[in-house]
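>
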Amino acid sequence: MTTTKTTAPTTPQATSSTTTTTSPLPAVLTRHAEAETCADPSSVMRLLGESDATPGGFTSYRSSFATGAAGAPAHFHTKATELFFVLGGSLRVLVGEEVTTLDQGDFLAVPPHTPHAFAAAPGAEADVLFVFTPGLPRFDYLRLLGRVMRGEADPKEIAESAERFDNHYVDSPVWRAELGQH
Numbered sequence: 006m007t008t009t010k011t012t013a014p015t016t017p018q019a020t021s022s023t024t025t026t027t028s029p030l031p032a033v034l035t036r037h038a039e040a041e042t043c044a045d046p047s048s049v050m051r052l053l054g055e056s057d058a059t060p061g062g063f064t065s066y067r068s069s070f071a072t073g074a075a076g077a078p079a080h081f082h083t084k085a086t087e088l089f090f091v092l093g094g095s096l097r098v099l100v101g102e103e104v105t106t107l108d109q110g111d112f113l114a115v116p117p118h119t120p121h122a123f124a125a126a127p128g129a130e131a132d133v134l135f136v137f138t139p140g141l142p143r144f145d146y147l148r149l150l151g152r153v154m155r156g157e158a159d160p161k162e163i164a165e166s167a168e169r170f171d172n173h174y175v176d177s178p179v180w181r182a183e184l185g186q187h
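Structural data, given as structure tokens:
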């Protein structure tokens with residue numbers, strides 16, 4: 006009697022070396038219903054997360070602007086790139102000396118030292134996700150901004166906080182003309 010031995014084809018053994026490391030940044034989860042909100046006459050901001058403990062952190066919030074609402078005047082950041090993602094509606098944006106409209110699904114990244122401004126587009130609401138990286142503790146700035154817009158704090162506090170929050174306001178004739186201001 007003849008015996009036949011069947012062997013499976015040989016394949017190289019997959020080797021796996023799993024190394025688990027801990028990120029210097031903690032995971033951040035913010036439930037929609039639990040997020041702090043800041044409101045002013047033109048928008049509602051939902052504070053989503055800040056992680057500024059180490060380089061590479063972020064700050065993120067979501068703003069819902071009323072129809073035609075003013076957003077931010079011309080300004081720049083020296084440390085952070087500001088990211089915009091339009092979740093709904095339309096957002097009018099100044100970048101440098103150019104004005105454009107971002108619509109639902111559009112994304113914009115504004116690098117440090119670039120003057121920019123934004124507002125809901127004429128006749129439109131805007132729902133926008135903002136992310137700053139690297140992060141700074143900007144939530145205190147948003148809270149201050151809300152208090153100033155509601156008349157609960159002196160606007161000088163914003164100017165005095167420029168370095169702390171890396172928010173530097175500039176004059177933009179292009180943006181003033183876009184808004185119909187002289």
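Numbering (the working numbering) for the sequence shown: 6 to 187.
Ideal Cβ placement from N, Cα and C applies to all residues, glycine included.
Being a predicted model, the structure only gives us computed values, none of them experimental.
1) Should the region 81-88 be called in touch with the region 136-143, which here means at least 3 C-beta pairs below 8 Å?
2) Determine whether the beta carbon atoms of residue 73 and residue 122 lie at a separation below 8 Å.
3) Per DSSP, what kind of secondary structure is residue 111 in: helix, strand or coil?
4) Per DSSP, which residues does residue 50 bridge with? Please list them.
5) With distances taken from CA atoms, which of 94, 106, 161 and 102 is nearest residue 70?
6) Could you check the C-alpha separation between residue 112 and residue 102 for me, to the nearest Å?
7) For residue 99, write down the residues that DSSP places opposite it in a beta bridge.
8) Relative to the C-alpha of residue 31, which residue among 62, 39 and 163 is closest?
9) Return the chain-ordered list of same chain residues with a C-beta closer than 8 Å to the C-beta of residue 167, the five sequence neighbours on each side being excluded.
10) Give every residue of the same chain whose Cβ lies closer than 6 Å to the Cβ of residue 97, excluding the five residues on either side of it in the sequence, and list them in chain order.
11) Quick one: give me the first and last residue of the alpha helix (DSSP H) that residue 136 is part of.
12) CA-CA distance, residue 53 and residue 120?
13) Could you have a look at residue 74 and say whether DSSP puts it in helix, strand or coil?
14) Less than 8 Å between the C-beta atoms of residue 42 and residue 51, yes or no?
15) Excluding the 5 residues flanking residue 176 on each side, which residues of the same chain have their C-beta closer than 6 Å to its C-beta?
16) Can you tell me the Cβ-Cβ gap for residue 115 and residue 133, rounded? I've got them flagged as a contact below 8 Å.
17) Using the Cα positions of residue 34 and residue 163, report the straight-line distance between them to the nearest angstrom.
So, from the listed chains and residues:
1) yes
2) Here residue 73 refers to the residue found at position 68 when the sequence shown is read from its first residue. Here residue 122 refers to the residue found at position 117 when the sequence shown is read from its first residue. No, the Cβ-Cβ distance between residue 73 and residue 122 is not below 8 Å.
3) On the sequence shown, position 106 is the one that residue 111 refers to. If DSSP states are grouped into helix, strand and coil, residue 111 belongs with coil.
4) To locate residue 50, count along the sequence shown from 1; it is residue 45. DSSP, once it has assigned bridges, lists 43 and 68 as partnering residue 50.
5) Position 65 of the sequence shown, counted from the start, is the residue given in the question as residue 70. Of the candidates 94, 106, 161 and 102, 94 places its Cα closest to the Cα of residue 70.
6) In the sequence shown, the residue the question calls residue 112 occupies position 107. In the sequence shown, the residue the question calls residue 102 occupies position 97. About 18 Å.
7) Stepping through the sequence shown from its first residue, residue 99 is reached at position 94. As a beta-bridge residue in DSSP terms, residue 99 pairs with 104 and 122.
8) Here residue 31 refers to the residue found at position 26 when the sequence shown is read from its first residue. Closest by alpha carbon: 62.
9) Position 162 of the sequence shown holds residue 167. Excluding positions up to five away in sequence, the list reads 173 and 174.
10) What you label residue 97 is simply residue 92 of the sequence shown in a count that begins at 1. So the qualifying residues of the chain are 106, 124 and 126.
11) The residue given as residue 136 occupies position 131 in the sequence shown. Not the alpha helix (DSSP H): residue 136 falls in the beta strand (DSSP E), residues 131-138.
12) To locate residue 53, count along the sequence shown from 1; it is residue 48. To locate residue 120, count along the sequence shown from 1; it is residue 115. The straight-line gap from Cα to Cα measures roughly 25 Å.
13) For the purposes of this step, residue 74 is identified with residue 69 of the sequence shown, where counting begins at 1. Three-state DSSP puts residue 74 in coil, outside helix and strand.
14) Within the sequence shown, the letter at position 37 stands for residue 42. Within the sequence shown, the letter at position 46 stands for residue 51. In contact: residue 42 and residue 51 (Cβ atoms closer than 8 Å).
15) Numbered from its first residue, the sequence shown carries residue 176 at position 171. Taken in chain order, the list of residues that qualify is empty.
16) As a working note, residue 115 is residue 110 in the sequence shown. As a working note, residue 133 is residue 128 in the sequence shown. Not really, about 13 Å apart at Cβ, beyond 8 Å.
17) Along the sequence shown, read from residue 1 onward, the residue named residue 34 stands at position 29. Along the sequence shown, read from residue 1 onward, the residue named residue 163 stands at position 158. Cα atoms of residue 34 and residue 163: separation of roughly 29 Å, rounded to the nearest angstrom.
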